[in-house]
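Step one of this worksheet: look at the structure below.
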Amino acid sequence: MLKSDKMGKSKILIVGGTGYIGRRIVKASLAQGHETYVLKRQEIGLDIEKIQMLLSFKEQGAHLVDGSFSDHQSLVNAIKQVDVVISTMSGVHFRSHNLLMQLKLIEAIKEAGNIKRFLPSEFGMDPARMDHALPPGRETFDEKMIVRKAIEYAKIPYTYVSANCFAGYFVGNLSQMGSLLPPKDKVLVYGDGNVKAVYMDEDDVGTYTMKTVDDHRTLNKTVYLRPPNNILSQMELIEKWENITNTKLEKNNISGHDFLALMKGMDKAGQAGIGHFYHIFYEGCLTNFEIGEDNNGVEASELYPEVQYTRMDTYLKRYA
Ligand code: GNU
1 MLKSDKMGKS KILIVGGTGY IGRRIVKASL AQGHETYVLK RQEIGLDIEK
51 IQMLLSFKEQ GAHLVDGSFS DHQSLVNAIK QVDVVISTMS GVHFRSHNLL
101 MQLKLIEAIK EAGNIKRFLP SEFGMDPARM DHALPPGRET FDEKMIVRKA
151 IEYAKIPYTY VSANCFAGYF VGNLSQMGSL LPPKDKVLVY GDGNVKAVYM
201 DEDDVGTYTM KTVDDHRTLN KTVYLRPPNN ILSQMELIEK WENITNTKLE
251 KNNISGHDFL ALMKGMDKAG QAGIGHFYHI FYEGCLTNFE IGEDNNGVEA
301 SELYPEVQYT RMDTYLKRYA
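For the sequence shown, position 166 matches number 166 in full-length UniProt numbering, and the numbering has no gaps at all.
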């Protein structure tokens, strides 16, 4: 039987389906009519949240596939059931473990030999543009580049999705670090607050990601999610919040130099975060380049104009 039997739609395996972005990709895969498979890792143990999420995916029509990263053959068997593999294993949490798991997944994809498209766990800044990144946060990008090299060396067809700033981490908190909720009276402004970033609703990341899997225009390309209305500076975000809540926040500006100096008192994860924020809000690394030939890039909202992506004033309303 043809693998992609649903109106020529590829069969999808999501690895990391219970994670923060993975769950959105499972949802979008089902919504867009793909036979959807979700890896159920042996190691899941007593993580009741993940177990119950997997069972809800099954109720929604997904197939749960047993597999373990300590059992290569189980991965090969899972991969042989589908056409497309999407990895959303997060690096922010178990960093180096994540790298090894992705390399094992690539080995299994190579051996299975049937995969038409592999989407590795990207979904942030474009790591190919972060060669200058500050330590220790640079590890995030170095690892993603190791994964990319392995994919390209193995000649596995790929799509890299650069999803920019997840709204849950950067919008509700007006891009403040150490919090996920809006500040009450004062807000730290990075520099003059006029550097442009790109903010994405996580469900839209899922929708756009799934649109790319069967599209020849995204084969061996980097797909940047940069919808025009979501290209915003921190000050524009703050102003949206002030308009919604009819309040005024006290703004405290911090120079790039002083912001980087905050690293001194922090642990490694905190220092990585400072570095990531610095690149985004002082260097403008998400918007300081054209998307096109030289970065093998395509832009999602241009490819898929039918997607009504969530604007950030709408996203902010839930916090008011
Ligand atoms: C930022 C964070 C938020 C950290 C990327 C500390 C890699 C990327 C936009 O590591 O998970 O407060 O692209 O106190 O490619 C962390 C990640 C966010 C920073 C997001 C990141 C963005 C990493 C914090 C905090 C909200």
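Note that beta-carbon positions come from the ideal geometry of N, C-alpha and C, so glycine has one too. The model shown is predicted, which means the values in this text are computed figures rather than measured ones.
* **C-alpha distance - V38 paired with D47, whole-angstrom precision** => 16 Å
* To do: Return yes when the C-beta of Y169 is under 8 Å from any heavy atom of ligand 1, and no when it is not.
  => yes
* Asked: What do you get for E152, buried or exposed, if any count of 16 or more other CB atoms within 10 angstroms of its CB means buried?
  -> exposed
* **6 Å Cβ shell around D313 - same chain, five flanking residues per side excluded** => K240
* Tell me whether the beta-carbon of M235 lies closer than 9 Å to the beta-carbon of D192. => yes
* Quick one: what's got a C-beta closer than 8 Å to D215's C-beta in the same chain, skipping five residues either side? -> L303
* **Cβ separation of L30 and A62, assumed to be a contact under 8 Å, to the nearest whole Å** => 6 Å
* Could you give the distance in angstroms between the alpha-carbon of T222 and the alpha-carbon of P228? -> 18 Å
* May I ask which residues mark the beginning and end of the beta strand (DSSP E) holding residue 326? => No information on residue 326 is available, as it lies outside the stretch 1 to 320 that the chain covers here.
* Which ranges does the alpha helix (DSSP H) cover as unbroken runs of at least 4 residues, wholly within the stretch 34-103, from first to last along the chain? -> 48-59, 72-79
* Asked: Looking at C-beta atoms only, is the number of pairs between the stretch 288-299 and the stretch 170-187 that lie closer than 8 Å three or more?
  -> no
* Asked: Comparing the CB of residue 334 with every heavy atom of ligand 1, is any distance shorter than 8 Å?
  -> Past the boundaries of the shown model lies residue 334; the chain is included only from 1 to 320, so the question cannot be answered.
* Asked: Should H132 be labelled buried (16 or more other beta-carbon atoms within 10 Å of its own) or exposed?
  -> exposed
* Is A28 near ligand 1, judged by its Cβ being under 8 Å from some heavy atom? -> no
* **Contact set for T207: own chain, Cβ-Cβ below 7 Å, skip 5 residues either direction** => A28, V307
* To do: Give a yes or no on whether the C-beta atoms belonging to F166 and E202 are separated by under 9 Å.
  => yes
* Is the beta carbon of N164 less than 9 Å from the beta carbon of V213? -> no
* For V187, does the three-state DSSP call read helix, strand or coil? -> strand
* Asked: When DSSP labels each residue in this structure, what does F166 get in the three-state scheme?
  -> strand
* Asked: If we ignore side chains and look at the alpha-carbon of each, how far apart do R117 and T36 end up?
  -> 15 Å
* To do: Give the straight-line distance between the Cα atoms of A108 and M263, rounded to the nearest whole angstrom.
  => 39 Å
* Leaving out the 5 sequence neighbours to the left and right, which residues in its chain are closer than 7 Å to L181 when beta-carbon positions are compared? -> When the five nearest sequence neighbours on each side are left out, the beta carbons in the same chain lying within less than 7 Å of the beta carbon of L181 are those of G172, N173, Y319, in order along the chain.
* To do: May I ask you to report which of helix, strand or coil DSSP gives I231?
  => Annotated three-state conformation of I231 is strand, per DSSP.
* How many whole angstroms separate the CB atoms of G19 and S74, which I take to be in contact at a CB cut-off of 8 Å? -> Not a contact, Cβ separation roughly 19 Å.
* Asked: So, helix, strand or coil for Y319, using DSSP?
  -> Coil.
* Asked: Going by the C-beta, is Q42 closer than 8 Å to any heavy atom of ligand 1?
  -> No - ligand 1 has no heavy atom lying nearer than 8 Å to the Cβ of Q42.
* To do: Spatial neighbours of L134 within its chain, please: CB distance less than 7 Å, with the 5 preceding and 5 following residues excluded, ordered by chain position.
  => Around L134: G275, Y278.
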